[in-house]
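**Q** I'd like to ask you about the structure that follows.
This is how it looks when you write it as structure tokens:
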């Protein structure tokens with residue numbers, strides 16, 4: 031079983047719709063969770079971090095964490111073409127420096 | 036404030052050649068990391084340095100060595116390049132262990148023939 035699983039996509043949504051990206055993880059020792067966005071040919075940039083169960087909102091982005099079910103999701107409201115990118119989820123085990131990344135989900139927002 | 040910088044941006048090597056990838060950060064971060072990214076494999080940690088003077092192996096350290104030259108600089112060396120090391124290499128840094136936000140450099144594309 032992979033430590034982090036993401037659907038590679040592509041996930042296509044129309045402009046203005048809600049995009050829902052999901053990530054499951056196997057390590058119950060995971061304590062910190064992150065969503066990175068990576069445009070083609072560019073480096074990853076952090077868009078959200080979440081540490082406790084529930085929802086965390088930042089502008090058009092909402093991260094949701096459910097530790098009991100071992101999943102984390104990212105909702106993007108009012109999707110824009112500029113949101114088209116690959117979204118990487120990552121987690122950190124408690125007490126460690128290292129992040130473990132998923133392989134990413136490609137999101138395409140269509141006009 | 037340039038953030039994390041990497042050199043070179045692109046490099047072509049022949050099998051068996053050696054090279055060093057350079058990384059520097061100007062954010063006064065304690066921790067630095069080297070990743071490689073391959074299609075379908077995601078980002079995989081090669082080595083990291085939790086603080087100046089320390090380095091530790093990550094998930095895929097074989098074939099690589101690192102040096103934490105000072106707080107700002109963290110280099111990655113390929114002693115004898117192999118085609119399997121063709122990849123995009125990213126350097127990242129973070130403030131300390133409690134704040135795990137990692138900031139990435141622009142990457143180095145390496146092709147080993």
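Residue numbers (our numbering), protein chains in the order written: chain S, 31 to 141; chain P, 36 to 148.
Ideal Cβ placement from N, Cα and C applies to all residues, glycine included.
Kindly list the residues whose CB is nearer than 7 Å to the CB of residue 42/P, restricted to its own chain and excluding five residues on each side of it in sequence; keep chain order.
**A** 57
**Q** Using the beta-carbon of each residue, which ones in chain P are nearer than 7 Å to residue 127/S?
**A** 66, 83, 85, 132
**Q** Pull out every residue of the region 70-86 of chain S whose Cβ sits closer than 8 Å to any Cβ of chain P, in chain order.
**A** Hits within the stretch, in order: 72, 73, 74, 75, 76, 79.
**Q** Take residue 144/P and list the residues in its own chain whose beta-carbon comes closer than 6 Å to its own, dropping the five residues that flank it on each side.
**A** 45, 123
**Q** To which residues of the same chain is residue 94/S closer than 6 Å at the C-beta, ignoring the five residues directly before and after it?
**A** The beta carbon of residue 94/S lies closer than 6 Å to those of 85, 103 in the same chain, with the five residues before and after it left out.
**Q** With burial defined as no fewer than 16 other Cβ atoms inside 10 Å of the residue's Cβ, what is the status of residue 107/S: buried or exposed?
**A** Answer is exposed; the Cβ neighbour count stays below 16.
**Q** Mind listing the chain S neighbours of residue 42/P? Cutoff is C-beta to C-beta under 7 Å, in chain order.
**A** Within 7 Å Cβ-Cβ: nothing; residue 42/P doesn't reach chain S, min ~14 Å.
**Q** Can you give me the C-alpha to C-alpha distance between residue 96/P and residue 45/S, rounded to a whole angstrom?
**A** 42 Å
**Q** Excluding five sequence neighbours on each side, which residues of the same chain lie with their C-beta closer than 8 Å to the C-beta of residue 75/S?
**A** 66, 67, 68
**Q** Do residue 47/P and residue 111/P have their CB atoms nearer than 9 Å?
**A** no
**Q** So, with DSSP's three-state summary, where would you put residue 120/P?
**A** helix
**Q** Please confirm whether residue 43/S has its beta-carbon closer than 9 Å to some beta-carbon of chain P.
**A** False, the Cβ-Cβ gap to chain P never drops below 9 Å.
**Q** Taking the beta strand (DSSP E) that residue 115/S belongs to, which residues open and close that run?
**A** Note, residue 115/S: beta strand (DSSP E), 115-123.
**Q** Can you find a CB in chain S that lies within less than 9 Å of the CB of residue 109/P?
**A** no
**Q** Below 9 Å on C-beta distance, what does residue 136/P contact in chain S?
**A** 64, 76, 79
**Q** Once DSSP output is grouped into helix, strand and coil, what is the label at residue 74/P?
**A** coil
**Q** What do you reckon, are the CB atoms on residue 115/P and residue 51/P nearer than 9 Å?
**A** yes
**Q** Mind pulling the chain C residues with CB within less than 8 Å of residue 118/S?
**A** The chain inventory of the structure shown lacks chain C, comprising the protein chains S and P.
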